[in-house]
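Asker: Residue numbers (my numbering), protein chains in the order written: chain U, 15 to 128; chain Y, 1068 to 1186.
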Amino acid sequence: GQQVMQIPQYQHVQEGEDFTTYCNSSTTLSNIQWYKQRPGGHPVFLIQLVKSGEVKKQKRLTFQFGEAKKNSSLHITATQTTDVGTYFCAGSIMIYNQGGKLIFGQGTELSVKP
Amino acid sequence: GAVVSQHPSWVICKSGTSVKIECRSLDFQATTMFWYRQFPKQSLMLMATSNEGSKATYEQGVEKDKFLINHASLTLSTLTVTSAHPEDSSFYICSARVGMRTVLSHGYTFGSGTRLTVV
C-alpha cells in the first residue's frame, strides 16, 4: 500500500540550533501537508504544498516539495522552546471517484533544550 | 475557519461494551470524514473514509463490523467501537474535508480527538 516515510523519529536540539525533518513517499503525491501536534493535542495544520519544487516559508519554518512530488522537508531555523512537538508530514493521494486521502508519516518528535 | 467538534474527549468503558464517538462540522458541510487511530508515540493511522450518504471505505486490516461508521448527514459522522477490548484503547481522531478538494488554506480540519480506555 501507499507509504510515507519520515525521518528522524526523534530530534533533540539546543535552543537556537536548526532542525530538519524529511518525508519520502512511495508514490507520487497530489500534495503534501505538514501538521504539528503538541503532547496530548490533535494535529494542527501548518501548510500545504502542491506544485513540484515548491518552497514556502512561514517565519522560521521553510517547507519544500520535491520535483518528483515524492519527497518533502521542513526546516526550522534557530529553534525555540515553543517549537516543541511532533511534526507530521501527510501526503495526499488521489483515489478515483473518492477525492484525496491523507497518509501520515511517522512523525518527528522535536525537543528543544533551553 | 472550518471547525470540527469531536466528543467525548475521553471515555473509559468496560470490556465488551460499545462506545460511540461523534464528529460534527460546525460551520461547513463535510462531504467526507476521515477516521484515524493513534497509539502513543505513533503516527495517525487512517482507519476509514466516510462519505455522506454512502458506506464507509475501510483501510486494509480494519474490521468494519467492529468499527461502525455512519455519516448520515453533511455535518455529522460517528464511529462506534463495538464490543471494545483493552487492545482498542487508543486516541481516535476524525478529520473533515470540504467538498472534493482540500481547503487549500486550511488543509484537513481535525477534531480534538477521543482518548478511549477499555478496562
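Virtual Cβ for every residue (Gly too), placed ideally from N, Cα, C.
Who are the neighbours of tyrosine 1125 of chain Y on chain U, taking C-beta pairs under 7 Å?
Answerer: None at all; the shortest Cβ gap to chain U is about 12 Å.
Asker: Considering only C-alpha positions, which residue in the set U/Thr41, U/Glu31, U/Gln28 is nearest to methionine 19 of chain U?
Answerer: From the listed residues U/Thr41, U/Glu31, U/Gln28, the smallest Cα separation to methionine 19 of chain U is found for U/Thr41.
Asker: Distance check for threonine 1176 of chain Y and lysine 73 of chain U, CA to CA, integer angstroms please.
Answerer: 22 Å
Asker: Jot down the residue ranges of each uninterrupted beta strand (DSSP E) in the region 61-114 of chain U, minimum 3 residues, whole runs only, in chain order.
Answerer: 69-72, 75-79, 85-90, 99-109
Asker: Does DSSP put glutamate 1154 of chain Y in a helix, in a strand, or in coil?
Answerer: helix
Asker: Going along chain U in order, which residues have a C-beta closer than 7 Å to the C-beta of cysteine 1180 of chain Y?
Answerer: Note on identity: in this sequence residue 1180 of chain Y is glycine, with cysteine being the wrong assignment. Correct list: His56.
Asker: Out of Y/Gly1128, Y/Ser1076, Y/Met1100, which has the shortest C-alpha to C-alpha gap to asparagine 1137 of chain Y?
Answerer: Y/Met1100
Asker: For glutamine 120 of chain U, return the contacting residues in chain Y, with the cut-off set at a CB-CB distance below 9 Å.
Answerer: Gln1109, Ser1110
Asker: Quick one: which chain Y residues come within Cβ less than 9 Å of leucine 63 of chain U?
Answerer: Ordered by position in chain Y, no residue passes the 9 Å Cβ test against leucine 63 of chain U, which lies about 10 Å from the chain.
Asker: Give the residues of chain U in contact with phenylalanine 1095 of chain Y, contact being defined as C-beta atoms less than 7 Å apart.
Answerer: At a C-beta separation below 7 Å, phenylalanine 1095 of chain Y has no neighbours in chain U, since its nearest C-beta there lies roughly 15 Å away.
Asker: According to DSSP, is lysine 1108 of chain Y part of a helix, a strand, or is it coil?
Answerer: coil
Asker: Only counting the same chain, and skipping five residues up and downstream in sequence, which positions put a Cβ closer than 6 Å to that of glycine 30 of chain U?
Answerer: Ala92
Asker: Any beta carbon from chain U within less than 8 Å of leucine 1171 of chain Y's own beta carbon?
Answerer: A caution first: leucine 1171 of chain Y carries a pLDDT of 44, below 50, which makes its placement in the model unreliable, though a value can still be read off. It does; some Cβ of chain U falls within 8 Å.
Asker: Tell whether a beta-carbon distance below 8 Å holds between leucine 43 of chain U and serine 106 of chain U.
Answerer: Taking C-beta atoms as the reference points, leucine 43 of chain U and serine 106 of chain U count as a pair closer than 8 Å.
Asker: Just to confirm the assignment, what range does the beta strand (DSSP E) spanning valine 1086 of chain Y have?
Answerer: Per DSSP, valine 1086 of chain Y belongs to the beta strand (DSSP E) from 1086-1092.
Asker: With burial defined as no fewer than 16 other Cβ atoms inside 10 Å of the residue's Cβ, what is the status of tyrosine 24 of chain U: buried or exposed?
Answerer: Exposed, since its Cβ has fewer than 16 Cβ neighbours within 10 Å.
Asker: Within 8 Å (strictly less), CB to CB, does phenylalanine 1134 of chain Y reach chain U?
Answerer: no
Asker: Can you list the residues of chain Y that phenylalanine 102 of chain U reaches, using a CB-CB cut of under 8 Å?
Answerer: Ser1110, Leu1111
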